Ligand SMILES: Nc1ncnc2c1ncn2[C@@H]1O[C@H](COP(=O)(O)OP(=O)(O)OP(=O)(O)O)[C@@H](O)[C@H]1O
Ligand SMILES: [Mg+2]
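Residue numbers (UniProt numbering): 1 to 285.
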């Protein structure tokens, strides 16, 4: 499916020499992605939904630059542009494979987990202020403000760093040189590191409980990846503890984020229940 791609669009984006176009499988964000084959090196174009805020590509460009400046591997961004109200990010295609595919194929889950955890810890170690378009976005508003939880979260709304907030095996590439490259900075916000860890843990839990085709071998790999992730995070100097209210926030946010998606209704109920139990355990009248 390359319906929205056109030679005109390539011209407008200033891309030449394209010899082939392939659509990449996108997630739930409603983006379209294309891989453009070129003799000078393949590119990926990420097109945000028409009608979405025009600064989305620029925000991701800022996130990529920030991460790259601090030694985190990300695809190099060539440009961000707004054309006819739609924003586009043009970046290098990273040769390699999705970490999820490496995991399901049987690559060492402990090692992949450790190195992923160490990468997230490296992001959380950065003390420089977040770039402008990210700094104005708080974890407390992801994916929407949740006023009911807010009083419980206030004590943890401290020690802000830049968070990825979608750090999972489909957003990581194991490059052909074996490096872990971080994609998809769409959710980037500022907040406490525990929020990023809680969110990463909640996504791995989703894979473990709700992915219908997960085999027993896949489940074991995902569990070992999760354990390795926390070990790698700790070994790289991160604090792997997650306060219960922050865990509740991650479940509640995931509940909102995934409503209307492929996940089964029982899984959404499970998130509600997990959130409620953690909140009730706080014994706040
Ligand atoms: N620069 C890149 N190099 C190699 N592969 C890429 C690159 N960008 C995206 N991909 C591939 O495309 C897939 C989707 O990309 P990405 O996660 O950035 O978009 P998305 O899924 O639309 O985002 P969202 O989850 O917010 O909807 C990735 O899993 C990866 O396989
Ligand atoms: Mg994605």
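Glycine residues also receive a C-beta, built at the ideal position from the N, C-alpha and C atoms. Bear in mind the structure is a predicted one, so any value in this text is a computation, not a measurement.
Straight-line Cα distance separating residue 96 from residue 177: Against the chain shown, residue 177 aligns to sequence position 177. Against the chain shown, residue 96 aligns to sequence position 96. Their backbone Cα atoms lie some 8 Å apart in a straight line.
Short of 6 Å in beta carbon distance, which residues of its chain neighbour residue 1, apart from the five on each side in sequence? Order them along the chain. For the purposes of this step, residue 1 is taken as residue 1 along the chain shown, with counting starting at 1. Because the pLDDT of residue 1 is 41, which lies under 50, any placement of that residue in the model is unreliable, and the number read from its coordinates should be weighed accordingly. Only 23 meet the Cβ criterion.
Residue 185 and residue 60 - do their beta-carbons sit closer together than 8 Å? Residue mapping note: residue 60 aligns to position 60 of the chain shown, counting from 1. Residue mapping note: residue 185 aligns to position 185 of the chain shown, counting from 1. Yes, they are a contact pair.
Would residue 250 pass as a contact of residue 202 if the rule is Cβ separation under 8 Å? To locate residue 250, count along the chain shown from 1; it is residue 250. To locate residue 202, count along the chain shown from 1; it is residue 202. In this structure, residue 202 lies closer than 8 Å to residue 250 by Cβ.
Buried versus exposed, by CB contacts within 10 Å (16 or more), residue 105: Here residue 105 is taken as the residue at index 105 of the chain shown, counted from 1. Answer is exposed; the Cβ neighbour count stays below 16.
Beta-bridge partners of residue 81, as assigned by DSSP: Within the chain shown, numbered from 1, the residue matching residue 81 stands at position 81. Note: residue 81 sits in a beta bridge opposite 88.
Indicate the three-state DSSP secondary structure (helix, strand or coil) for residue 1 in the structure shown. Within the chain shown, the letter at position 1 stands for residue 1. Below a pLDDT of 50, predicted positions are generally treated as unreliable, and residue 1, at 41, falls in that range; the measurement from the model is reported next regardless. DSSP places residue 1 in coil when its eight states are reduced to three.
In the DSSP assignment, find the unbroken alpha helix (DSSP H) run with residue 103 in it and report its ends. Counting from 1 along the chain shown, the entry for residue 103 is found at position 103. From DSSP, the alpha helix (DSSP H) with residue 103 extends over 99–105.
Beta-carbon proximity check, residue 150 vs residue 163, cutoff 8 Å: As a working note, residue 150 is residue 150 in the chain shown. As a working note, residue 163 is residue 163 in the chain shown. Not a contact, by the Cβ cut-off of 8 Å.
Look up residue 24 in the DSSP assignment and say whether it is helix, strand or coil. On the chain shown, position 24 is the one that residue 24 refers to. If DSSP states are grouped into helix, strand and coil, residue 24 belongs with the strands.
Given this structure, state the Cα-to-Cα distance separating residue 211 from residue 267, to the nearest angstrom. If you number the chain shown from 1, residue 211 lands on position 211. If you number the chain shown from 1, residue 267 lands on position 267. Whole-angstrom Cα-Cα distance: 10 Å.
Between 114, 189 and 278, which has its C-alpha nearest residue 245's C-alpha? Position 245 of the chain shown, counting from 1, holds the residue named residue 245. For the residues 114, 189 and 278, the minimum Cα distance to residue 245 belongs to 278.
What is the chain-ordered set of residues for which the beta carbon lies under 5 Å from any non-hydrogen atom of ligand 2? 27, 171 and 184
On the DSSP letters alone, give me the boundaries of the beta strand (DSSP E) that residue 35 sits inside. Looking up residue 35 in the chain shown gives position 35. First-last of the beta strand (DSSP E) with residue 35: 32–37.
Exposure label - residue 25; buried when at least 16 CB within 10 Å: Here residue 25 corresponds to residue number 25 of the chain shown, with the count starting at 1. Burial call: exposed.
Three-state class that DSSP yields for residue 260 in the structure shown: Your numbering for residue 260 matches position 260 in the chain shown. If DSSP states are grouped into helix, strand and coil, residue 260 belongs with coil.
For residue 7, which three-state DSSP category applies? Locating residue 7 in the chain shown gives position 7, counting from the first residue. Helix.
Taking only three categories from DSSP, how would you classify residue 130? Residue 130 sits at position 130 when you count from the first residue of the chain shown. Coil.
Could you compute how far the alpha carbon of residue 5 sits from the alpha carbon of residue 167? Walking along the chain shown from the start, residue 5 turns up at place 5. Walking along the chain shown from the start, residue 167 turns up at place 167. Going by the C-alpha atoms only, they are around 28 Å apart.
Pull up the distance between the alpha-carbon of residue 138 and that of residue 154, whole angstroms please. To locate residue 138, count along the chain shown from 1; it is residue 138. To locate residue 154, count along the chain shown from 1; it is residue 154. Residue 138 and residue 154: Cα-Cα distance of roughly 12 Å.
Flag residue 44 as yes when its Cβ comes closer than 7 Å to any non-hydrogen atom of ligand 1, and as no otherwise. Your numbering for residue 44 matches position 44 in the chain shown. Flag set: Cβ of residue 44 near ligand 1.
For residue 28, the nearest candidate out of 187, 55 and 182 (CA to CA): Translated into the one-based positions of the chain shown, residue 28 becomes position 28. Nearest option by C-alpha distance: 187.
Any heavy atom of ligand 1 within a distance shorter than 7 Å of the CB on residue 53? For the purposes of this step, residue 53 is identified with residue 53 of the chain shown, where counting begins at 1. For ligand 1, not one heavy atom lies less than 7 Å from the Cβ of residue 53.
Taking residue 126 and residue 189 to be in contact with their CB atoms under 8 Å, please state how far apart those CB atoms are, rounded to whole angstroms. By 1-based counting over the chain shown, the position of residue 126 is 126. By 1-based counting over the chain shown, the position of residue 189 is 189. Incorrect: roughly 14 Å between the Cβ atoms, too far for contact.
Count the other C-beta atoms from every protein chain shown that fall within 10 angstroms of the C-beta of residue 173, then say buried if there are 16 or more, exposed otherwise. As a working mapping, residue 173 is identified with position 173 in the chain shown. The residue is buried, with at least 16 neighbouring Cβ atoms inside 10 Å.
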